[in-house]
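Residues in the sequence shown are numbered consecutively from 22, following the working numbering. Beta carbons are placed, not taken as given, at the ideal position from N, Cα and C, and that holds for glycine. Quick caveat: nothing in here was measured; it's all calculated off a predicted structure. The structure appears right after this line, and notes come after that.
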Amino acid sequence: MEETASISKELLGMVTKIKSRRKKEFLGTLDRQYDSKRIFLFADELGKPIKPDSVSQWWTRFRVRHKIEGINFHDLRHYSVTYLIQQNVPTKSISSRVSHKKLVQLRISMSIT
22 MEETASISKE
32 LLGMVTKIKS
42 RRKKEFLGTL
52 DRQYDSKRIF
62 LFADELGKPI
72 KPDSVSQWWT
82 RFRVRHKIEG
92 INFHDLRHYS
102 VTYLIQQNVP
112 TKSISSRVSH
122 KKLVQLRISM
132 SIT
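Pasting the structure below:
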């Protein structure tokens, strides 16, 4: 099952820049690339995709380095919802952004945060 999530124009611009940079790196090292047919957005310098748990591992190291306790990576999702609510972003937009299919799911998330 494939899901989509809406992103802001600012984030789309950032992703586009990363993709452009990755393509230049890819072409410069084509003979050494992990997969010469595909460019992965989140990859090491030779195009090998970053493992999904790398982000969680990075977050754990970041928390230790900055002495942040009691916040797991998924909590950031709840914090972003709270921030969007405080900025008076319409509930339907928030629901779409966080891929909640029904507003009830968002309301549950909102009551948790």
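For Lys-38 and Ile-60, the gap between their C-alpha atoms comes out near 14 Å. Counting the other Cβ atoms within 10 Å of the Cβ of Gly-68 gives 16 or more, which makes it buried.
Pro-70 is bridged by DSSP to Ala-64.
Using a Cβ distance threshold of 8 Å, Val-119 and Val-102 count as a contacting pair. For the pair Trp-80 and Phe-63, the CB atoms are not nearer than the 8 Å cut-off. Counted as a single uninterrupted DSSP element, the stretch harbouring Ile-92 is not any alpha helix (DSSP H), since DSSP gives it neither H nor E. With respect to the 8 Å criterion, Ser-57 and Leu-48 are not classified as neighbours on the basis of their beta carbons.
Arg-42 and Lys-113 have their C-alpha atoms some 34 Å from each other. With a threshold of 16 other beta carbon atoms within 10 Å, Ile-115 meets it and is buried.
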